[in-house]
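Student: Sharing a structure below in structure tokens format, with a few things to ask.
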Amino acid sequence: MDIFTKASFSFSAGLATAPCGLGVKSEGRLLISGTEGYIVATPPWWKTTNFEIHYEDPNVVEKYNESFFGDGLRYELGDMLALINGIEENRFKLTLEDSVALAEVMEKFLSTRL
140 MDIFTKASFS FSAGLATAPC GLGVKSEGRL LISGTEGYIV ATPPWWKTTN FEIHYEDPNV
200 VEKYNESFFG DGLRYELGDM LALINGIEEN RFKLTLEDSV ALAEVMEKFL STRL
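Take the sequence shown: its position 81, counting from 1, is numbered 220 in this note's numbering, and each next residue is one higher.
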């Protein structure tokens with residue numbers, strides 16, 4: 140387990156950086172920046188119910204609010220139990236392809252660490 144890690148991603152249309160850590164203090168917000176604006180998820184980002192989309196014009200801000208039950212673990216356990224019981228519907232959760240893509244990113248990251 141890492142206390143602090145920073146991962147950098149390179150895409151054909153851009154770059155991304157993801158710092159994360161356990162036992163280190165930070166604001167806990169999620170910031171996604173792009174050429175036309177940025178998205179901010181209020182802390183803690185892993186349990187967020189609110190996020191905002193900010194554009195070049197500081198007067199244009201879209202605000203979103205979603206209600207979730209508990210935290211993300213509840214949804215992950217629900218997915219796992221559904222698959223164990225042979226239910227393969229994913230109504231609002233990660234698809235199988237999403238899960239495989241996330242695992243591939245983690246495997247690549249772990250294989251290239253110093």
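Idealized CB from N, CA, C, for every residue including glycine. Note that this is a predicted model, so its numbers are computed, not measured.
In or out: A180 buried (at least 16 other Cβ within 10 Å) or exposed?
Tutor: buried
Student: Buried or exposed, going by whether 16 or more other CB atoms sit within 10 Å of the CB of V188?
Tutor: Note that residue 188 is Thr in the sequence shown here, rather than Val. By the neighbour-count rule (16 or more Cβ atoms within 10 Å), T188 is not buried but exposed.
Student: Starting from S250 and walking both ways along the alpha helix (DSSP H), at which residues does that stretch end?
Tutor: 235-251
Student: For E236 and I226, what's the separation of their Cα atoms in angstroms?
Tutor: 16 Å
Student: Indicate whether G176 and H193 have their beta-carbon atoms separated by less than 7 Å.
Tutor: When the beta-carbon positions are compared, G176 and H193 come within less than 7 Å of each other.
Student: Give the list of continuous alpha helix (DSSP H) stretches no shorter than 4 residues that lie fully inside the region 191-226.
Tutor: As far as the region 191-226 is concerned, its whole alpha helix (DSSP H) runs of at least 4 residues are 211-223.
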